[in-house]
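What follows is one structure encoded as C-alpha cells, with my remarks underneath.
2 protein chains.
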Amino acid sequence: MAPMIDVRQLRTLRALADHGTVVAAAEALYLTPSAVSQQLAVLSKSTGCELLERRGRNVVLTEAARVLVAHADAVFAQLERAQSDLRAMSPAPIAVRIGGFPTAVMAVVAPAMKALREEHPEWGFEIADTESEQSVARLIEGSLDVAVVMAAPNRPLLGDPRIKVLPLLEEVYQAALPADHPFAGAGRVSLTDLVEDPFVLAAEGLSCHDQVTAICADAGFQPRGRHRATDFSAALALIANGFGVTLLPTLGVPPKMPDGVVLVPLKEDWPRRVSLIAMRAGAEYPEVVAALRSAADRLIR
Amino acid sequence: MAPMIDVRQLRTLRALADHGTVVAAAEALYLTPSAVSQQLAVLSKSTGCELLERRGRNVVLTEAARVLVAHADAVFAQLERAQSDLRAMSPAPIAVRIGGFPTAVMAVVAPAMKALREEHPEWGFEIADTESEQSVARLIEGSLDVAVVMAAPNRPLLGDPRIKVLPLLEEVYQAALPADHPFAGAGRVSLTDLVEDPFVLAAEGLSCHDQVTAICADAGFQPRGRHRATDFSAALALIANGFGVTLLPTLGVPPKMPDGVVLVPLKEDWPRRVSLIAMRAGAEYPEVVAALRSAADRLIR
DNA sequence: CGAAACCGTTAAGCTCAGCTGAATGATCGG
DNA sequence: CCGATCATTCAGCTGAGCTTAACGGTTTCG
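Protein chains in written order, with my numbering: chain E, 1 to 301; chain H, 1 to 301.
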C-alpha cells in the first residue's frame, strides 16, 4: 500500500552520483551496468521523476536526482546512527576497522589501539594504512569504520556530506638537515634558506609529496626533488648521507634521530598539517575517538 | 562490504511494536507470522542485539529494539521527506488520498478539494470518510496521505512519532433544542440546565458520542441517551420532534436549520473541539494544507 | 571518414533471498 | 486437563532482481 522509496536503489543512485557513469557505479557496487540501469529505471518510475538525462554517451543527474541524493545521504546517516546506538548496547564484542595514513598509523593509531585493546581485550580491531583519499573512499564503501586523514586544503575530501570529521591533532613542520649543512647549527631556519637545497621527497601522488611541494610553493619556490623516499626513515638516511634536506612533520620524527641529521625549527609558523578523525556521517565510535585523541595528546606533549 | 540495516526489516519491527504480537504484525503487513519471525531473526543477527524477549507465549521488545524503533521512525520520516520533495518536482500529476471524520469531510474537505481541483484540474484526489483512529492507522499503513482528525484528549493518537499534525480549526459547541424547550428562547444556556433532558447521541464508539459524553462528564453528569442518531441531520430531525436535545459542534450546523430546532450558545466556553490536519512525519502537502485551512477559515468566518 | 571502442539500455533467462505452509513446543484460558 | 493461541523452525517453492547477450547512439582515433 505504501510504495516507499527503496533504500537499495538510493544507494545505487548515490554510487552513480559519485562515479559519474553507470559503468563506474556498477563496478563500485560489484554489479553489472545492466543492474544499475534497471534499478535506476525502477526508482525513476516509483518517484515519477526523470532522474537521468543523456549527455552524449553518458548520463547526468537531473535536479530531482540531486535532491534525492541529498535525502539519501540523510537516510544513510540515520541508519548509521541506528547502528552506532545498537553497537553501544550490543553484548557482542565490538569490531572496528581503522585506517590511517602510514605515519599516523605508526605514531597514533597503533599506540591508541594498543591502549584500547588493553581496556577491552574482547574487541576486535583491524588496522590498515591507507592514503587519505583511499580512506574516505573506503569509509563510504563501508570497508572501513574510522580513519585518520589529513586535511588537505587542496583536495575537497571533507566536503562530502556522508563523512563527518572530528579534530585530532595539528603538527608543525621542521627542517631535517644534514649535520654539516650551513644552517644545521642555526636556532631556526627559513624555507627560503632552502631554495637551493635538493629535497628528498616522497613518491609523486602521495600526500607527503604534495604537502611538501605545496608548502614550498607557498614560500615561492619549487623544491628540486632529486631523490625519492616514501619512508621517513629512508629519507632521513639519505639526508644523513648528504643527499638533500626535507621537511618533517611532528609525527614523522622518530624516537631517536639517526646520527648525521639535525632538526631545525622553521622561522615560518604556517606550515602545519591538520589530521582529522573521519567516519561515516551518523556513526559514533566514542571509545575509539577518545583513544586516538589520548594517543595524539601524548605525542604533542 | 557494508552490512547496512535493512529498512524493510525495520518496518516489520515497527509493525511488531505497534501490534504487540507477531501474528498481529504479520496480519498488518500481509505476511505470515513465519515471515515476520524470520525477518526479525535476521535483523537481530545483523545488529548483534537481542531484539525480542519471550514473555509467556508472546514476545516483548527489548530496550535495544525500542531504540531501534525510534531510529526507524526517523528513517521513515526522512524517506517521507524525500518523497514529498520529489512530488513537488515531479511533472506527473499529484495524487493525494485524503481522509476525515464525516462532518469534516462534509464541511471542510469537500469544499477544499473542490477549490483545489479547480486550481489543479490534473491532480487526482481520493476522499474517504474515516473515524480519526482509523485515519491515523491508515496514514501509518500508507493507504491515506492526509487526514483531518479530531484532537481527542482522552485518546493518545497524537503522540505517535510517525504522525505530524498541523492545527486546522477550533469549534465551539452549541445546544440544539426543540423550539418548545424552556430554554429555547434564552440567550444562553448552561450545560447544567440540560441534566434532565434526554440526549440524542451518536452510536457508541463514534467520536461524536464520546466527545459529548465527555463534555457532560466534565460538567458533572451523565447524559441520558435514549435515542441514537449518528447523522447530524437525523439527530436534528429527532430534536425537532421533541425527542431530546444534543450538543452541536460548529461543523455540524447545517446551512439552514430545520424548523422546530433552535441553537442556543452555551454559557460555558470550554466545550470546544479541535480539528487537526495529520500526515506522516516528514511528508509535506502544502497545497492541500492551504486549501483545507482556507476552507476552514471560510467556515469560521 | 570509416571503424573500433565505449556508453547506456533493453530482452531473455536463471538464481537465490525470502516467502508460504506444515510441524513443533510452549503457554494460557476455561 | 484440553483446546486455542503464539512464536519458531524446517523444507520447499516462487518471483524480484541479477547476469548475459544483443543493440543503438556517441566519441575517438587511425
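Backbone N, C-alpha and C fix where the C-beta goes; we use that ideal spot for every residue, glycine too.
None of the values given here were measured: they were computed from a predicted structure.
- In summary, residue 300/E is exposed, with fewer than 16 beta-carbon neighbours lying within 10 Å of its beta-carbon over all protein chains present.
- The C-beta of residue 179/E has fewer than 16 other C-beta atoms within 10 Å across all chains shown, which makes the residue exposed.
- Residue 4/H sits in coil when the DSSP states are folded into three classes, being neither helix nor strand.
- In the structure shown, residue 94/E adopts coil according to DSSP, grouped into three states.
- Within chain E, the residues placing a beta-carbon under 9 Å from that of residue 63/H are 89, ordered along the chain.
- Residue nearest to residue 90/E within the set 104/H, 67/H, 107/H, 81/H is 67/H (criterion: CA-CA distance).
- Neighbours of residue 92/E across chain H, judged by C-beta separation under 7 Å: 48.
- About 6 Å separates the beta carbon of residue 239/E from that of residue 246/E, a gap short enough to meet the 8 Å contact definition.
- Residue contact check for residue 82/E against chain H: a CB pair falls below 8 Å.
- Residue 102/H carries a helical assignment under DSSP once its states are collapsed to helix, strand and coil.
- Residue contact check for residue 71/H against chain E: a CB pair falls below 8 Å.
- Here residue 199/E carries a strand assignment [DSSP, helix/strand/coil].
- Under the three-state reduction of DSSP output, residue 164/H falls in the strand class.
- Three or more beta-carbon pairs separated by less than 8 Å are not found between the region 75–90 of chain E and the region 50–57 of chain E, which leaves the two stretches without contact.
- At a cut-off of 8 Å between beta-carbon atoms, residue 279/E makes no contact with chain H.
- When 7 Å is used as the limit between beta carbons, residue 85/E is near these residues of chain H: 67, 71, in chain order.
- What residue 169/H touches in chain E, judged by beta-carbon distance under 8 Å, is nothing: the nearest beta carbon there is about 28 Å away.
- Taking a cut-off of 8 Å on C-beta distances, the region 5–21 of chain H does not touch the region 122–141 of chain E, as fewer than three cross pairs fall below it.
- Chain H places no beta carbon closer than 8 Å to that of residue 16/E, leaving this residue out of the contacts.
- Chain order gives the chain H residues near residue 78/E as 71, 74, 75, 78, where near means a beta carbon separation below 8 Å.
- Between residue 36/H and residue 43/H the beta-carbon gap is near 11 Å, outside 8 Å, which marks them as no contact.
- Using a Cβ-Cβ cut-off of 8 Å, residue 4/E counts as an interface residue toward chain H, since at least one Cβ of chain H sits closer than that to its own.
- As summarised for the region 117–145 of chain E, the continuous beta strand (DSSP E) elements at least 3 residues long and confined to that stretch are 124–129, given in chain order.
- Residue state for residue 274/E is assigned as strand, using DSSP reduced to three classes.
- Against residue 7/E, the close residues of chain H are 7, in the order they occur along the chain (beta-carbon pairs closer than 7 Å).
- One Cα belongs to residue 107/E, the other to residue 243/E, and the distance between them is close to 26 Å.
- In the DSSP secondary-structure assignment, residue 279/H is bridged to 146/H, 164/H.
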